[in-house]
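In the working numbering, the protein residues as written are 8 to 136.
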């Protein structure tokens, strides 16, 4: 196996690990997401460059004109990482919405309790007079 392929696999493993380890750092994940999408966007150009210069870094020509190889070993794993990022964002959003709703319900219950207590205090005050 060519060393650059091993490097690419290591890159994908590191990217996935970074994605998982930074699940609570949304700003970094947005940056990572944009970098990953940019890499996929430029994969056709990368494929063309690699097809012309494969002798300098590879033992055999992997880069076909249709881009099947680069799509399989480069773009698909990156897009899977992007899907993982989006899934994490959706999960975090649902958790945040649930916490917000719980806080709203607690606040509403507290206000109703205070209003009931105030009403009871007013009735007690009226009876004393």
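By construction, the Cβ of each residue, glycine as well, lies at the ideal position given by its N, Cα and C atoms.
Cβ contact check for the region 104 to 120 and the region 26 to 46: 3 or more pairs under 8 Å: no
Which runs of the alpha helix (DSSP H) fall wholly inside the region 87 to 123 and span at least 4 residues, in chain order? none
Once DSSP output is grouped into helix, strand and coil, what is the label at residue 25? helix
Check whether the region 60 to 72 and the region 89 to 96 are in contact - that is, three or more C-beta pairs closer than 8 Å. The region 60 to 72 and the region 89 to 96 do not touch, with fewer than 3 CB-CB distances between them shorter than 8 Å.
Need the endpoints of the alpha helix (DSSP H) that residue 36 sits in, please. 33 to 48
8 Å CB neighbourhood of residue 72 in its chain, flanking five on each side removed: Once the five neighbours on either side are set aside, the close Cβ partners of residue 72 are 58.
State yes or no: is the C-beta of residue 54 within less than 9 Å of the C-beta of residue 37? no
Going by alpha carbons, who is nearest to residue 84 out of 17, 115, 9? 17
Rounded to a whole number of angstroms, what is the C-alpha to C-alpha distance between residue 47 and residue 103? 31 Å
Identify which residue in 21, 51, 10, 94 has its Cα closest to the Cα of residue 31. The alpha carbon of residue 31 has as its nearest neighbour, out of 21, 51, 10, 94, the alpha carbon of 94.
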